[in-house]
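Colleague:
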Amino acid sequence: MQTRLQVAVQKSGRLLEGSLKLLKECGIRVDNGKDQLKASAGNFPIDILYLRNSDIPQYVEDGVADIGIIGENTAFEKQKHIDTVLPLGFSKCRLSIAVPKNTAYPGPAFLNGKRIATSYPNSLRHYLDAHRLNAEIHEISGSVEIAPNIGLADAICDLVSSGSTLFKNGLEEKEVVLKSEACIVAQPKLGAEKQAILDKLVFRIEAVLKARNNKYILMNAPDEKVAEIIRVLPGMKSPTVMPLAEKGWSSIHTVIEESHFWDIIDQLKDSGAQGILVVPIEKMII
Ligand code: AMP
9 MQTRLQVAVQ
19 KSGRLLEGSL
29 KLLKECGIRV
39 DNGKDQLKAS
49 AGNFPIDILY
59 LRNSDIPQYV
69 EDGVADIGII
79 GENTAFEKQK
89 HIDTVLPLGF
99 SKCRLSIAVP
109 KNTAYPGPAF
119 LNGKRIATSY
129 PNSLRHYLDA
139 HRLNAEIHEI
149 SGSVEIAPNI
159 GLADAICDLV
169 SSGSTLFKNG
179 LEEKEVVLKS
189 EACIVAQPKL
199 GAEKQAILDK
209 LVFRIEAVLK
219 ARNNKYILMN
229 APDEKVAEII
239 RVLPGMKSPT
249 VMPLAEKGWS
259 SIHTVIEESH
269 FWDIIDQLKD
279 SGAQGILVVP
289 IEKMII
């Protein structure tokens with residue numbers, strides 16, 4: 009029987025949509041029925057196991073799953089013997105300590121002797137120890153942000169992305185304990201055949217992630233402006249320059265990171281670029 013890699017993804021919650029979207033963009037078709045706990049990919053040797061996010065590190069350590077897609081913060085919190093293979097660029101958030109608005113907060117020393125509510129006791133303990141702080145950790149499993157309002161804690165330690173939940177609950181973010189994004193974790197000792205499947209999967213994912221961050225850009229310019237425009241472009245390699253049908257004009261093509269594009273757009277226009285097109289890239293292999 010052909011070896012198949014067992015891939016654990018979150019059964020429901022924030023990571024599920026991003027995980028399945030990424031596999032789809034890698035050309036992997038997962039045929040799953042509703043409420044199914046296991047599904048097979050039709051065109052790639054992986055099976056998908058739908059599990060609770062917080063259980064995935066244990067399943068990967070035990071070898072029930074070979075790899076998993078979880079938040080880096082979950083991997084850190086659970087302290088299992090698993091390897092982090094690749095950050096995936098979605099579900100970016102931070103584990104932060106927040107206190108009620110208008111609290112006089114001179115710095116982390118404020119936390120000494122205070123009660124901090126969290127669902128991530130190990131990560132918080134690590135932070136407190138590293139900063140030689142002595143606080144009481146109150147572990148609660150959900151709705152951490154209401155703890156100060158009901159007198160259960162003086163501060164909280166919870167995941168934050170936009171900060172709107174903190175804001176709605178009258179809390180202010182003060183310290184970042186760790187930053188996190190979705191990642192692939194793996195069994196440290198995968199056999200050679202499973203490792204080969206993981207390598208193929210990682211190759212595809214890297215091509216998708218690179219493409220997401222980069223854009224193909226095209227623009228026209230008078231020939232005498234081409235050298236100046238090329239100096240502005242931070243492209244992958246040397247840009248392509250092609251003559252236009254209209255004499256004295258060229259078309260310049262290159263690939264750049266989207267964030268760079270916004271930095272240089274004004275310089276491009278000032279250098280004489282016209283008709284600038286920005287085109288998404290589906291896969292990028294370099
Ligand atoms: P959940 O779906 O709430 O169980 O969260 C699963 C994982 O999603 C967490 O372990 C984090 O890695 C990530 N996550 C949680 N909250 C957020 C957030 N506010 N923004 C982005 N990612 C988050």
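Per this note's numbering, residue 9 is the first one in the sequence shown, and the count goes up by one each step. Glycine included, each C-beta is placed from N, C-alpha and C at the ideal position. Note that the coordinates shown come from a computational prediction; the quantities given were computed from them, not determined experimentally.
#1: Would residue 8 and residue 23 qualify as a contact pair, given that the criterion is a beta-carbon distance under 9 Å?
#2: Do residue 126 and residue 118 have their beta-carbon atoms positioned less than 9 Å apart in this structure?
#3: Under the DSSP definition of a beta bridge, which residues are partnered with residue 163?
#4: I want to know whether the region 93 to 100 touches the region 17 to 34 - three or more CB-CB distances under 8 Å.
#5: Residue 18: beta carbon under 8 Å from a heavy atom of the ligand AMP?
#6: Apart from the five residues on each side of it in sequence, which residues of its chain come closer than 6 Å, Cβ to Cβ, to residue 169?
#7: If you measure from each residue's Cβ to the nearest non-hydrogen atom of the ligand AMP, which ones come out under 6 Å, in chain order?
#8: Could you name the residues that DSSP lists as bridge partners for residue 146?
#9: Assign residue 179 to one of three DSSP states: helix, strand, or coil.
#10: Let me check you understand the geometry: is the CB of residue 74 closer than 8 Å to at least one non-hydrogen atom of the ligand HEM?
#11: Which residue marks the beginning of the beta strand (DSSP E) containing residue 265, and which one marks its end?
#12: Mind checking which residues open and close the beta strand (DSSP E) that includes residue 75?
Modeller: According to the structure data:
#1: The structure shown has nothing for residue 8, since the chain only spans 9 to 294.
#2: no
#3: 124
#4: yes
#5: yes
#6: 101
#7: 21, 22, 23, 61, 79, 81, 82, 99, 101, 167, 169, 188
#8: 125
#9: strand
#10: With respect to small molecules bound, the structure shown includes the ligand AMP and not the ligand HEM.
#11: 257 to 265
#12: 75 to 79
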